[in-house]
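Participant: So the protein lines, in turn, are chains A and B. Heads up: the first sequence begins at 57 in the working numbering, then just goes up one per residue. Heads up: the second sequence begins at 6 in the working numbering, then just goes up one per residue. For each residue, glycine too, the CB sits at the ideal point set by N, CA and C.
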Amino acid sequence: MHELSICQSMLRVVDDAMRRQSGARLLRVFVDVGRGSTVEPQLLREAFAVLASGGPYAEAELVVNDIPLVGRCRSCGRSFEYREIALGCPDCGSVSVEIESGLELSVRELEIDD
Amino acid sequence: MAKVTVQERIQSENERVAAANRAAFAKARVLVLNLVSSPGSGKTTLLEGTLDRLPAAGIRSLVIEGDVSTDRDLERVRARGGEGVQINTGGGCHLSAQMVADALGRLDLRAADVVFIENVGNLICPSTYDLGEDAKVVLLSTAEGDDKPMKYPAVFHESSLAVLNKIDLLPHLPYDIAKVEREIAVLNPRCEVLRVSALKGDGMDLWLSWIAARLAAKRSK
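1. May I ask which residues mark the beginning and end of the alpha helix (DSSP H) holding C63 of chain A?
2. Looking at the unbroken beta strand (DSSP E) that takes in I182 of chain B, where does it start and where does it end?
3. List the residues of chain A that N39 of chain B touches, going by C-beta distances under 9 angstroms, in chain order.
4. Please state if the CB of V41 of chain B and the CB of K205 of chain B are separated by a distance shorter than 8 angstroms.
5. When the Cα atoms are used, what is the spatial distance from V87 of chain A to H58 of chain A?
6. How about the segment 12-25 of chain B and the segment 80-99 of chain B: do they share at least three Cβ pairs that are nearer than 8 angstroms?
7. Report back the beta-carbon spacing between L169 of chain B and I182 of chain B to the nearest angstrom; my notes put them in contact at under 8 angstroms.
8. Compare the Cα-Cα distances from R81 of chain A to each of A:G90, A:V163, A:V89 and A:V70 and report the closest residue.
9. Answer with buried or exposed for R77 of chain B, where buried requires no fewer than 16 other C-beta atoms within 10 angstroms of its C-beta.
10. Counting contacts by CB-CB distance shorter than 8 angstroms, is Q12 of chain B in contact with chain A?
11. Compare the Cα-Cα distances from C129 of chain A to each of A:A116, A:S152 and A:I123 and report the closest residue.
12. Taking C-alpha atoms, which residue in B:A102, B:L192 and B:H177 lies nearest to K156 of chain B?
13. Identify every residue that forms a DSSP beta bridge with S42 of chain B.
14. By Cβ distance below 8 angstroms, which residues in the same chain neighbour T2 of chain B in space, the five residues on each side in sequence not counted?
15. With 16 other CB atoms within 10 Å as the buried threshold, where does P112 of chain A fall?
16. Any residues in the segment 82-110 of chain B with a beta carbon nearer than 8 angstroms to a beta carbon of chain A? Which ones, in chain order?
17. E18 of chain B lies in the alpha helix (DSSP H); which residues open and close that run?
18. So A73 of chain A contacts chain B; which residues on that side make the cut at Cβ distance below 8 angstroms?
19. Going along the chain, which residues of the segment 182-205 of chain B sit with their C-beta nearer than 9 angstroms to a C-beta in chain A?
20. For N93 of chain B, which beta-bridge partners are listed by DSSP?
21. When the Cα of F161 of chain B is compared with those of B:D139, B:H177 and B:A190, which residue comes out closest?
22. Which value, in whole angstroms, describes the spacing of the CA atoms of D107 of chain B and L136 of chain B?
In structure tokens:
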């Protein structure tokens, strides 16, 4: 349950970006959250509701882009999505797999009312 | 209405502080190991056994203890002749790079070859926080069950070494240690695995050798 501190870090990134948009009002925050990032989108949204309430972002919406965990087999080269944690490549069975995406945790963009 | 591109990692501030910690550790030529596990896996017991054996190997150490509350773990470290500092997170489920940076102000790194950071007992949150360590070491004890690597994949993906602790209990438990080792190898082929009983001493020589090898590798750079 580290979403509260992740959310605090996220708000610091948003603050930095908003300082360069003088007078603008924040409408939406778009974040990329990979399924392998250990951050649970629902808990992040709840943390945002708590931390933003009463402040300048109280009316803003947090939009989470949920990115699947995708591995690539080093043996046969095929990419596949981890639907559940499986033992290796679903095609050739090789256990030599690297993660292609799904570890993201970043603020992608903001939507503002200028 | 306008869109503003940000493209900034949420952990960028923690990563910046972790990089500064890493530079301070490199300058002091100390090896830093971040010990991660659920509560009760034996992190402090492993440290106690390590502190008993390190002097004979000619290796000096310091300990940064992370706990939600109390300095009980630091007391255990001191009872074995160890030295270090306690961080209390006051409810926080992990250490952050800034907490370690603050602790470094209270430590003389010149007095150490190895710094052990004992993270808050938690198998999930610490995996997201780089502290500036050279390696994460994950502990998993036999009493926790053999299904854990696949249930908590991130920490195994991040770790350089998995210490399978409490192997002295194997005769009493339905625990398939080969399955655990197989699953860790799938999650992270670069993660080494040691079978240890920190309490009884089994495998502690391998753990000490691993530390000595990592220290030598860092200092030869």
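Facilitator: Let me lay it out:
1. The residue given as residue 63 of chain A occupies position 7 in the first sequence. Here the alpha helix (DSSP H) through C63 of chain A covers E59 to R75.
2. Residue numbering aside, residue 182 of chain B sits at position 177 when the second sequence is read from its first letter. First-last for I182 of chain B: I182 to L192, but that is the alpha helix (DSSP H), not the beta strand (DSSP E).
3. By one-based count along the second sequence, residue 39 of chain B stands at place 34. Chain A residues near N39 of chain B: none, gap ~15 angstroms exceeds 9 angstroms.
4. The count along the second sequence starts at 1 and reaches residue 205 of chain B at position 200. The count along the second sequence starts at 1 and reaches residue 41 of chain B at position 36. For K205 of chain B and V41 of chain B, no; Cβs fall outside 8 angstroms.
5. Counted from its first residue, the first sequence places residue 87 of chain A at position 31. Counted from its first residue, the first sequence places residue 58 of chain A at position 2. Between V87 of chain A and H58 of chain A, the C-alpha separation is close to 16 angstroms.
6. no
7. Residue numbering aside, residue 169 of chain B sits at position 164 when the second sequence is read from its first letter. Residue numbering aside, residue 182 of chain B sits at position 177 when the second sequence is read from its first letter. Their Cβ separation, rounded to whole angstroms, is 6 angstroms, which keeps L169 of chain B and I182 of chain B in contact under 8 angstroms.
8. Taking the first sequence and counting its residues from 1, one reaches residue 81 of chain A at position 25. Comparing Cα positions, the closest option is A:V70.
9. Numbered from its first residue, the second sequence carries residue 77 of chain B at position 72. So R77 of chain B counts as exposed.
10. One-based indexing of the second sequence puts residue 12 of chain B at position 7. Yes - at least one Cβ of chain A is within 8 angstroms of the one on Q12 of chain B.
11. The residue given as residue 129 of chain A occupies position 73 in the first sequence. Taking only the C-alpha atoms, the option nearest C129 of chain A is A:S152.
12. As a working mapping, residue 156 of chain B is identified with position 151 in the second sequence. With distances taken between Cα atoms, K156 of chain B lies closest to B:L192.
13. Here residue 42 of chain B corresponds to residue number 37 of the second sequence, with the count starting at 1. BP columns for S42 of chain B are empty, so no partner.
14. Lying outside 6 to 226, the shown extent of chain B, residue 2 of chain B is not represented and no answer is given.
15. Translated into the one-based positions of the first sequence, residue 112 of chain A becomes position 56. Exposed, because fewer than 16 other Cβ atoms sit within 10 Å of the Cβ of P112 of chain A.
16. G97, C98, H99 and S101
17. Position 13 of the second sequence holds residue 18 of chain B. Here the alpha helix (DSSP H) through E18 of chain B covers S17 to A33.
18. In the first sequence, the residue the question calls residue 73 of chain A occupies position 17. Ordered by position in chain B, the residues that pass the 8 angstroms Cβ test against A73 of chain A are V9, V11 and E13.
19. R187, E188, A190, V191, L192 and P194
20. Against the second sequence, residue 93 of chain B aligns to sequence position 88. Its beta-bridge partners are B:D72.
21. Here residue 161 of chain B corresponds to residue number 156 of the second sequence, with the count starting at 1. It is B:A190.
22. Counting from 1 along the second sequence, the entry for residue 107 of chain B is found at position 102. Counting from 1 along the second sequence, the entry for residue 136 of chain B is found at position 131. Cα to Cα, the separation comes out at about 12 angstroms.
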